[in-house]
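Visitor: One structure is given below, represented as structure tokens, and several questions about it will come after.
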Amino acid sequence: MEKLGIEPSLLLAQVVNFLVIMVVLQKLLYKPILTMLEKRKREIAEGLNLTQKMREEEERLKEKQEKALAKAREDALQIIEDAKKQAKETEKEVIADAHTQAAAIIDRAKTEADETKKAATSAIRREAVDLAVVMAKRLLTSVMGAKEQHALISKRIKDLESWVAREEKKS
Amino acid sequence: MLHISLAAERLWTVWGLGISNSLLTAWVVMGLLIVLSILATRKLTMVPSTGQLIAETLVGGLHDFFGAIAGKRLDQFFPLIASLFIFILAANWVGLLPGVGTVGYFRSEEAEVTAEHAAPASGTEAVIPVEEDSHAPEAGVVAEETVASPAAAATEEEGGHGKTAFVPILRGATADLNMTLALAIVAVIAMQYFGFRNLGTHYLSRFVNFKDPILFSVGILELVSDVSKIVSFAFRLFGNIFAGEVLLAVIAFLMPFFLPLPFMMLELFVGVIQALVFSMLTTAFLNVAVSHGEEEHAAAESHASA
């Protein structure tokens with residue numbers, strides 16, 4: 001043993017040395033590093049999981065969006081179609097309305113014109129009668145006596161009246 | 172003087188404990204490892220810094236590597252086997268640094284003998300003259316600082332005080348049987364500890380078994396083999412590293428420039444291999460110890476259930 005340099009005290013010292021370095025390295029190196037490695041492993045797994053989920057979600061959303069878009073396009077077409085139809089109907093209605101209104105206006109104008117004409121005719125007639133009466137009066141006063149005058153006048157008035165009645169009937 | 176000594180030299184005696192140069196190196200290695208691991212794990216972040224990355228690669232790599240051997244019991248063994256690997260590797264490589272084994276001082280053997288009451292190393296030293304300039308640029312500086320310079324030693328020798336011996340301040344920690352034997356003892360005791368811890372008293376039947384004569388003789392063989400494991404562990408590591416140091420010393424003695432480089436590479440490689448061998452064998456033996464009688468257990472359980 002002596003020739004190999006083995007000394008119990010040195011042996012013990014080296015055993016203690018190794019045990020010390022083992023405990024220290026466990027506290028200082030292995031535990032924190034392995035914990036960190038484990039933590040990172042977990043984190044990466046979580047991250048990958050999350051990415052996968054996100055991708056699925058994204059795909060789902062895209063599909064949804066496309067569906068919504070297609071539906072919107074369809075709706076828009078429908079709305080345009082409806083609007084066109086409605087517009088056509090409205091147009092027809094408006095035109096019909098205009099026609100009836102125009103007819104009414106024309107009617108009214110016609111009646112008004114008739115009335116005006118009638119009024120004018122009767123006014124003229126009345127004036128003509130008055131004029132005739134005045135002329136006849138003046139003539140008769142100069143030619144006949146009161147008696148003949150009266151008989152003539154009443155005959156003339158009767159004639160006139162029958163004429164008027166005839167004229168009125170004519171119109 | 173080409174200096175080859177099988178035993179580590181005693182430098183000082185403190186409180187009755189002889190401080191050998193390899194014990195000093197072991198402390199240096201420990202200090203180095205502690206400082207490096209503090210630096211590496213001081214600020215652990217999710218996105219690792221370079222130092223953290225190196226530590227993570229080392230520890231994570233060892234964890235995966237030994238996990239392949241130790242299986243589900245890795246968490247129990249890991250501090251022991253990882254420390255064995257890291258400590259042996261660091262000790263092997265520190266032994267290769269320039270200045271380790273070459274920086275030192277001369278002293279007369281008589282002084283050494285008086286200093287060491289047991290004098291374990293005196294008979295085994297081979298002292299051959301050599302110029303110690305091969306890979307130790309700071310050798311001269313240290314030699315001046317030390318008590319006895321080469322010149323003084325030479326005059327001392329002429330004066331008839333007996334032979335002088337070169338004492339390096341640092342010596343590869345694993346190039347000392349005390350260190351390797353200590354590691355081997357720790358490893359073998361750990362095997363027994365984990366055996367008892369996992370199997371309880373059933374583990375005793377590995378060594379002492381009266382069930383039948385074959386198992387009894389196997390138990391004795393197991394006992395012998397566990398003791399021999401101490402010896403084989405200790406001498407394998409010591410032999411490889413010590414032989415490497417001797418080889419480097421001889422090559423440097425023959426041709427100090429360039430020629431030692433390939434051998435240096437070789438010794439770096441041997442350092443890794445020996446650290447790996449030591450820790451892997453320990454893992455394998457630990458596995459054997461904790462799985463003793465597993466088949467019997469399984470068989471008994473299946474019988475009981477059937």
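If you're matching them up, the sequences are chains A and B in order.
Residue 1 is where the first sequence starts when you use this note's numbering, and the numbers rise one by one after that.
Residue 172 is where the second sequence starts when you use this note's numbering, and the numbers rise one by one after that.
Every residue gets a Cβ at the ideal spot worked out from N, C-alpha and C, and that includes glycine.
Should Arg342/B and Gly272/B be called a contact, given that it needs their Cβ atoms to be closer than 7 Å?
Guide: In contact: Arg342/B and Gly272/B (Cβ atoms closer than 7 Å).
Visitor: In this structure, does DSSP put Thr196/B in helix, strand or coil?
Guide: Helix, per DSSP.
Visitor: Give the secondary structure of Val379/B by DSSP, where H, G and I count as helix, E and B as strand, and everything else as coil.
Guide: Three-state DSSP puts Val379/B in coil, outside helix and strand.
Visitor: Does DSSP put Thr127/B in a helix, in a strand, or in coil?
Guide: Look at the range of chain B in this structure, 172 to 477, and you will see that residue 127/B is not part of it.
Visitor: Comparing C-alpha positions only, which one of Ser403/B, Val421/B, Val379/B sits nearest to Val359/B?
Guide: Checked all of Ser403/B, Val421/B, Val379/B; the closest Cα to Val359/B is Ser403/B.
Visitor: Per DSSP, which one or two residues make a beta bridge with Val338/B?
Guide: Answer is Tyr276/B, bridged to Val338/B.
Visitor: Would you identify the three-state DSSP class for Glu234/B, choosing helix, strand or coil?
Guide: Checking the sequence, you will find His at residue 234/B rather than Glu. In this structure, His234/B counts as helix in the three-state DSSP scheme.
Visitor: Between which two residues does the alpha helix (DSSP H) containing Leu432/B stretch?
Guide: From DSSP, the alpha helix (DSSP H) with Leu432/B extends over 431 to 461.
Visitor: Quick check: the Cα distance between Leu29/A and Ala355/B, rounded to an integer number of angstroms?
Guide: When rounded, the distance between both Cα atoms is 23 Å.
Visitor: Could you give the C-beta distance for Ala21/A and Ser254/B, rounded to a whole number, given that I count them as a contact under 8 Å?
Guide: According to the sequence provided, residue 21/A is Ile. The question's Ala does not apply to it. Going by Cβ atoms, the distance from Ile21/A to Ser254/B rounds to 6 Å, so yes, they are a contact pair.
Visitor: Of the residues Ser399/B, Phe378/B, Val398/B, which one's Cα is nearest the Cα of Val389/B?
Guide: Residue Phe378/B is the option with its Cα nearest to Val389/B.
Visitor: So the alpha helix (DSSP H) Leu370/B belongs to, where does it begin and stop?
Guide: Start and end: 348 to 370.
Visitor: Can you pull the chain B residues whose beta carbon is under 8 Å from the beta carbon of Gly47/A, in chain order?
Guide: Near Gly47/A there are no residues of chain B at all, since even the closest Cβ is about 11 Å away, more than 8 Å.
Visitor: For Gly366/B, which residues of its own chain have a beta-carbon under 8 Å away from its beta-carbon, when the five flanking residues on both sides are left out?
Guide: Within the same chain, Gly366/B has close Cβ partners Tyr374, Arg377, Ala460, Val461, His463.
Visitor: Assign Ser154/A to buried or exposed, taking buried as 16 or more other Cβ atoms, counted over all protein chains shown, within 10 Å of its Cβ.
Guide: By the 10 Å Cβ count, Ser154/A comes out exposed.
Visitor: Contact defined as beta carbons within less than 8 Å: I believe Ser450/B pairs with Ile252/B. What is the distance between those atoms, to the nearest angstrom?
Guide: Confirmed, about 5 Å.
Visitor: What does the Cβ neighbour count give for His99/A, buried or exposed, with the cut at 16 atoms within 10 Å?
Guide: Counting Cβ neighbours within 10 Å, His99/A comes out exposed, since fewer than 16 surround it.
Visitor: Of the residues Thr141/A, Lys118/A, Glu7/A, Ala76/A, which one's Cα is nearest the Cα of Gly187/B?
Guide: Closest by alpha carbon: Glu7/A.
Visitor: For chain B, find out if any of its Cβ atoms is closer than 7 Å to the Cβ of Ile44/A; answer yes or no.
Guide: No, no contact with chain B.
Visitor: Given a limit of 8 Å on CB to CB distance, which residues of the stretch 348 to 379 of chain B reach chain A?
Guide: Hits within the stretch, in order: Leu348, Asn349, Met350, Leu352, Ala353, Leu354, Ile356, Val357.
Visitor: Got a sec: which bits of the stretch 222 to 241 of chain B sit with their beta carbon under 7 Å from any beta carbon on chain A, in order along the chain?
Guide: Residues passing the 7 Å Cβ filter: Ala226, Glu227, Val230, Gly231, His234.
Visitor: What do you get for Phe409/B, buried or exposed, if any count of 16 or more other CB atoms within 10 angstroms of its CB means buried?
Guide: Answer is buried; the Cβ neighbour count reaches 16.
Visitor: Give the residues of chain A in contact with Ala446/B, contact being defined as C-beta atoms less than 8 Å apart.
Guide: Within chain A, no residue comes near Ala446/B; the closest Cβ sits about 13 Å away, beyond 8 Å.
Visitor: Which stretch, first to last residue, makes up the alpha helix (DSSP H) that contains Leu173/B?
Guide: Not the alpha helix (DSSP H): Leu173/B falls in the beta strand (DSSP E), residues 173 to 175.
Visitor: Just to make sure I have the definition right: I need the residues of chain A whose C-beta is within less than 7 Å of the C-beta of Leu251/B. Which are they?
Guide: Going along chain A in sequence order, the residues near Leu251/B (Cβ under 7 Å) are Met22.
Visitor: Within 10 Å of its beta-carbon, does Glu227/B have 16 or more other beta-carbons around it, so buried, or fewer, so exposed?
Guide: Buried, by the Cβ-count rule.
Visitor: Ile190/B by DSSP, collapsed to three states: which one?
Guide: The answer is strand: DSSP assigns Ile190/B an E or B state.
Visitor: Name the two residues that bound the continuous alpha helix (DSSP H) containing Phe428/B.
Guide: It is not in any alpha helix (DSSP H) - Phe428/B carries neither H nor E in the DSSP assignment.
Visitor: Roughly how many angstroms lie between the CA atoms of Glu38/A and Glu57/A, to the nearest whole one?
Guide: The straight-line gap from Cα to Cα measures roughly 28 Å.
Visitor: So Ala197/B contacts chain A; which residues on that side make the cut at Cβ distance below 7 Å?
Guide: Near Ala197/B (Cβ distances below 7 Å), the residues of chain A are Gln14, Asn17.
Visitor: Is DSSP giving His332/B helix, strand or coil here?
Guide: Confidence is the limiting factor: at His332/B the pLDDT is only 49, short of 50, which leaves the residue's position unreliable, though a coordinate-based value still follows. DSSP places His332/B in coil when its eight states are reduced to three.
Visitor: Return the Cβ separation of Ala405/B and Gln14/A in integer angstroms, given the expectation that the two are a contact with Cβ distance under 8 Å.
Guide: No, Ala405/B and Gln14/A are not in contact; Cβ-Cβ is about 11 Å, not under 8 Å.
Visitor: Leu348/B and Leu4/A: beta carbons closer than 7 Å?
Guide: Yes, the Cβ-Cβ distance between Leu348/B and Leu4/A is below 7 Å.
Visitor: By how many angstroms is the C-alpha of Phe413/B removed from the C-alpha of Leu392/B?
Guide: For Leu392/B and Phe413/B, the distance between alpha carbons rounds to 30 Å.
Visitor: Go ahead and pull the three-state DSSP assignment for Lys3/A.
Guide: Coil.
Visitor: Put Arg213/B into one of helix, strand or coil per three-state DSSP.
Guide: Correct three-state label for Arg213/B: coil.
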